[in-house]
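Engineer: In this note's numbering, the protein residues as written are 4 to 487. Where a beta carbon is used, it is the ideal one built from N, C-alpha and C, also for glycine.
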Ligand SMILES: [Ca+2]
Ligand SMILES: [Ca+2]
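(1) Is residue 55 near ligand 2, going by C-beta to nearest heavy atom under 6 Å?
(2) Would you tell me roughly how many angstroms separate the C-alpha atoms of residue 92 and residue 341, rounded to the nearest one?
(3) Rounded to the nearest angstrom, what separates residue 411 and residue 463 at their Cα positions?
(4) Say yes only if the C-beta of residue 356 is nearer than 6 Å to one or more non-hydrogen atoms of ligand 1, and no if none qualify.
(5) DSSP on residue 305, reduced to helix/strand/coil?
(6) State buried or exposed for residue 362, treating a residue as buried only when at least 16 other CB atoms are found within 10 Å of its CB.
(7) Is there at least one non-hydrogen atom of ligand 1 closer than 6 Å to the beta-carbon of residue 361?
(8) Run through DSSP, which three-state label would residue 321 get?
(9) Got a sec: does ligand 1 put a non-hydrogen atom nearer than 6 Å to the Cβ of residue 364?
(10) What whole-angstrom Cβ distance do residue 95 and residue 107 have, given they're in contact under 8 Å?
(11) Which residues have their C-beta within less than 5 Å of a heavy atom of ligand 2, listed in chain order?
(12) Count the other CB atoms, across all protein chains shown, that sit within 10 Å of the CB of residue 89; report buried if there are 16 or more and exposed otherwise.
(13) Would you tell me roughly how many angstroms separate the C-alpha atoms of residue 386 and residue 444, rounded to the nearest one?
(14) Consult DSSP for residue 201 and reduce its assignment to one of helix, strand or coil.
(15) Three or more C-beta pairs under 8 Å: does that hold for the region 240–247 against the region 194–212?
(16) Return the chain-ordered list of same chain residues with a C-beta closer than 8 Å to the C-beta of residue 53, the five sequence neighbours on each side being excluded.
(17) Taking all protein chains shown into account, do 16 or more other C-beta atoms lie within 10 angstroms of the C-beta of residue 78, making it buried, or fewer, making it exposed?
(18) Among the residues of its own chain, which have a CB less than 7 Å from the CB of residue 39, if the five just before and after it don't count?
(19) So what does DSSP say about residue 432, is it helix, strand or coil?
(20) To the nearest angstrom, how far is the alpha carbon of residue 220 from that of residue 270?
(21) Is residue 216 buried or exposed, if buried means 16 or more other CB atoms sit within 10 Å of its CB?
(22) To the nearest angstrom, report how far apart residue 294 and residue 124 are at their CA atoms.
(23) Quick check: the region 235–244 against the region 283–293, are there 3 or more CB pairs under 8 Å?
(24) Contact defined as beta carbons within less than 8 Å: I believe residue 377 pairs with residue 359. What is the distance between those atoms, to the nearest angstrom?
(25) With DSSP collapsed to three states, give me the class of residue 80.
(26) Where residue 153 and residue 43 are concerned, what is the direct C-alpha to C-alpha distance, given to the nearest angstrom?
(27) Using the DSSP secondary-structure output, state which residues sit across from residue 345 in a beta bridge.
(28) On a Cα-Cα basis, can you pick out the residue from 118, 397, 324 and 165 that is closest to residue 459?
(29) State the Cα-Cα distance for the pair residue 395 and residue 456, rounded to the nearest angstrom.
(30) Identify, in the order they occur along the chain, each residue of the same chain with its Cβ nearer than 7 Å to the Cβ of residue 164, setting aside the five sequence neighbours on each side.
(31) Roughly how many angstroms separate the alpha carbons of residue 382 and residue 428, rounded to a whole number?
(32) Taking contact to mean 3 or more Cβ pairs, one atom from each stretch, closer than 8 Å, check whether the region 171–181 and the region 80–87 are in contact.
(33) Which of the three DSSP states, helix, strand or coil, is assigned to residue 442?
(34) Nearest to residue 223 by CA position, among 180, 110, 212 and 199, is which residue?
Shown next as structure tokens:
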């Protein structure tokens, strides 16, 4: 069922973010540049609802829940909404959407049932595993779904491939409870409760594949999203202080994302294509926000909302390379209700040159040094306006000389008369593997314009690796490939 648009309400929040851009104008006037940043906020609240929340986003589809009885699907505007509550369901919630498939749960026949949709309420497919007491799907990616099911003693984290019969029980041995919250790139994240303590976990498709993500020194932790080998979530101290965080596959990789000006309550809820979203409590109220890999990269998305919003939270993000979409909700004092929101920003594609002057672009991941990458200017784009501290190549930040400042220079590396930005990137933290043939650069201008560039790379093994493999007598690898 589709509701006709009501112009007076649907355009409520689609307005220029005046407060934010007042601040941007101040910054750029100091730097002498021009601002072309283009964050827009779209109010998704359906006409007639008393509450709405957007929980997941994939491409130009957004899902969540409303006061109408449950799961809802949007396609970019408030008026586009479709009620997903399945026939026979008392209420339901959609948590995630990927490739046109929505995932969540519905209360059917007296129980909570995991399931998927294909864009309509009638398209509901139950994922409820045979013999389970309840089940719920919390995330989806490319035909995979994750969530939990109970078979009598706590929840069991689980993975589906689109059917109830495909359920794979991911529950780690010895845990009293577990759930999977997110799935992406063949990885699943969630938590397991061990001796009464919630601990972040990472799986890769089977129960015995689990990796402990719980960072040392913290009381409890949970991971809520995964994309492109990055996992997000939070860790909590025993006194309840909670910090948003980011992992890259191991407990030791934990990066504390807690913004410097926040009270002790933050949470990273979603991740996509090198960007993380969530919220942090600032001046007594939750603020939706976005990170790009470290605490200092925090962008306060709440500042883009009209002043009538008391608090806001971001629940999901999707970076489709050209556009970044972030969904969540905020409490609007002007309407006295929680309203679904979407923040949208375009990504400007720019030319880059890994190792200017070299065509081979070889990278030795074991070199423990740095490699230069140039962001090239053109007639329409001034690379010297890119913030060097924002630049990441394969999610590795600019090389830190020890004084906290990125190492960069302005040079005309391609001889076209336009100055380019050259940044030194630390090779030790490059998120590249031997099979990768390209590296993505991301960053933003001082004015807030998000940028992206891609160059081909050739990963060469470190000499120690060749030595170890030849000694092990591993005949499965072609020597010429290892040494090329
Ligand atoms: Ca090059
Ligand atoms: Ca140039």
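Structural biologist: A quick look at the data gives this:
(1) No, the Cβ of residue 55 stays beyond 6 Å of every heavy atom of ligand 2.
(2) Going from the Cα of residue 92 to the Cα of residue 341 covers about 23 Å.
(3) Spanning the two alpha carbons is a distance of roughly 25 Å.
(4) Yes - ligand 1 has a heavy atom lying nearer than 6 Å to the Cβ of residue 356.
(5) Looking at residue 305 - three-state DSSP - the assignment turns out to be helix.
(6) Residue 362 is exposed by the Cβ-count criterion.
(7) Yes; taking the cut-off as 6 Å, the Cβ of residue 361 has a heavy atom of ligand 1 nearer than that.
(8) Residue 321 falls in the strand class under three-state DSSP.
(9) Yes; taking the cut-off as 6 Å, the Cβ of residue 364 has a heavy atom of ligand 1 nearer than that.
(10) Under the criterion of beta carbons closer than 8 Å, residue 95 and residue 107 qualify as touching, at roughly 6 Å.
(11) The set, ordered by position in the chain, is 415, 417, 419, 421 and 423.
(12) Residue environment analysis places residue 89 among the buried positions, since at least 16 neighbouring C-beta atoms fall within 10 angstroms of its C-beta.
(13) Roughly 13 Å separates the two Cα atoms.
(14) For residue 201, the secondary structure class from DSSP, reduced to helix, strand or coil, is strand.
(15) Short answer: they don't touch.
(16) Correct list, in chain order: 70 and 340.
(17) In the assembly as shown, residue 78 is an exposed residue. Its beta-carbon has fewer than 16 other beta-carbons within 10 Å.
(18) Low confidence applies to residue 39: its pLDDT is 36, below 50, so where it sits in the model is not reliable enough to give any reading.
(19) DSSP places residue 432 in helix when its eight states are reduced to three.
(20) Between the C-alpha atoms of residue 220 and residue 270 there is a straight-line separation of about 18 Å.
(21) Around the Cβ of residue 216, a 10 Å sphere holds 16 or more other Cβ atoms; the residue is buried.
(22) The alpha-carbon atoms of residue 294 and residue 124 are separated by roughly 34 Å.
(23) Segment contact: the region 235–244 against the region 283–293, fewer than three CB-CB distances shorter than 8 Å; contact not assigned.
(24) Yes, residue 377 and residue 359 are in contact; Cβ-Cβ is about 5 Å, under 8 Å.
(25) Three-state DSSP puts residue 80 in coil, outside helix and strand.
(26) Rounded to whole angstroms, residue 153 to residue 43 spans 41 Å at the Cα level.
(27) Its beta-bridge partners are 45 and 330.
(28) Of the residues 118, 397, 324 and 165, the one whose Cα lies closest to the Cα of residue 459 is 397.
(29) Annotation: residue 395 to residue 456 spans about 10 Å, alpha carbon to alpha carbon.
(30) Taken in chain order, the residues that qualify are 146 and 147.
(31) Straight-line Cα distance between these residues: approximately 26 Å.
(32) When C-beta atoms of the region 171–181 are compared with those of the region 80–87, fewer than three pairs fall below 8 Å, so the two segments do not count as touching.
(33) Assigned with DSSP and collapsed to three states, residue 442 falls in strand.
(34) Looking at the Cα atoms, 199 is the closest of the given residues.
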